[in-house]
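Only one structure is covered here, and it is reproduced in the block below.
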Amino acid sequence: MEDPELYANSNGLQKHDTSIVLSEFMPLMKWSNDDAILDVGAGSGDVTRHLLWPSCAKFSHIVGIDRSQKMVNYARKHFQNERLTFEKMDIVDAVQPINVFPHGFTKIFSFFCFHWIHDQRKAMSNLYELFRPGGICLLVFVARSLVFDMYERLAKNPRWAPYMNVLLDIKNGSYVDLLKL
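With the UniProt record's numbering, letter number 77 in the sequence shown gets 77, and the count goes up by one each step, no holes.
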């Protein structure tokens, strides 16, 4: 989606599920005032600022990245401050992302982004490059949904087929292979 304000006002389901995941897993993590946090696919920045930030016990700074310049501009305008910044970066197309963030990150998060990424192996490789030793990663994504079956059916209809090409690139069940990295 390329309309940041519309997305920020219509991502209630993602916010709900993200808050459940954060309340479950954040207390299990060890925290330090030196923690550098990355949010991949930060979009409009509202989830980063209103859900991720308050869930972090301690940290030095959070960086949100997104491939959409419109989303990054919106996030900067509405949420950026001295401890929260937003940068344009496509985690797949980034060449040596450690050159962009030379100090790396202790914790990397991504909420409802990875199921849209076509080359997940490359994305994971780039995330790995950004980890400081002992880093932690928490990814929340849709691994399987009946909605994908609906997309496949719509793709067979001439009226909807032109709109389904990107959605059908999502491979259900492909996440198991990523665990072998």
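Every residue gets a Cβ at the ideal spot worked out from N, C-alpha and C, and that includes glycine.
Between the Cα of residue i and the Cα atoms of the options, which residue gives the shortest distance?
| i | options | result |
| --- | --- | --- |
| glycine 45 | Gln69, Leu154, Phe59 | Gln69 |
| valine 47 | Phe86, Ser60, Pro27 | Phe86 |
| glutamine 120 | Thr106, Leu139, Asn33, Leu13 | Leu139 |
| phenylalanine 79 | His50, Ile136, Met150, Ala94 | His50 |
| aspartate 17 | Phe141, Asn99, Phe131, Leu146 | Phe141 |
| phenylalanine 148 | Met164, Leu84, Pro158, Asn157 | Met164 |
| alanine 8 | Asn157, Ala42, Met26 | Ala42 |
| leucine 84 | Ser10, Ile62, Arg76, Pro97 | Ile62 |
| asparagine 73 | Asn81, Lys88, Glu82 | Lys88 |
| glutamate 82 | Trp53, Trp160, Lys156 | Trp53 |
| valine 40 | Lys156, Asn99, Lys107 | Lys107 |
| residue 184 | Ile98, Lys77, Phe25, Lys156 | With the chain covering 1 to 181 only, the question about residue 184 has no answer from this structure. |
Residue i to residue j, Cα distance in whole Å?
| i | j | result |
| --- | --- | --- |
| aspartate 90 | serine 55 | 25 angstroms |
| proline 162 | aspartate 35 | 44 angstroms |
| arginine 153 | histidine 115 | 19 angstroms |
| glycine 104 | alanine 123 | 15 angstroms |
| tryptophan 31 | aspartate 93 | 30 angstroms |
| histidine 118 | proline 4 | 22 angstroms |
| methionine 150 | phenylalanine 59 | 41 angstroms |
| methionine 71 | leucine 28 | 31 angstroms |
| proline 133 | leucine 22 | 23 angstroms |
| tyrosine 128 | phenylalanine 112 | 19 angstroms |
| proline 158 | leucine 146 | 21 angstroms |
| glycine 135 | tryptophan 160 | 43 angstroms |
Give the DSSP bridge partners of residue i, in chain order.
| i | result |
| --- | --- |
| glycine 41 | Answer is none; glycine 41 lacks a bridge partner. |
| threonine 48 | DSSP lists no partner for threonine 48. |
| histidine 61 | Ala36 |
| valine 140 | Phe111 |
| lysine 88 | Asp66 |
Around the C-beta of residue i, are 16 or more other C-beta atoms found within 10 angstroms, so that it is buried, or is it exposed?
| i | result |
| --- | --- |
| isoleucine 20 | exposed |
| glycine 12 | exposed |
| glutamine 14 | buried |
| leucine 38 | buried |
| asparagine 126 | buried |
| isoleucine 65 | buried |
| leucine 130 | buried |
| leucine 110 | Sequence inspection shows serine at residue 110; the leucine mentioned does not correspond to that position. Result: buried. |
| proline 102 | exposed |
| alanine 57 | exposed |
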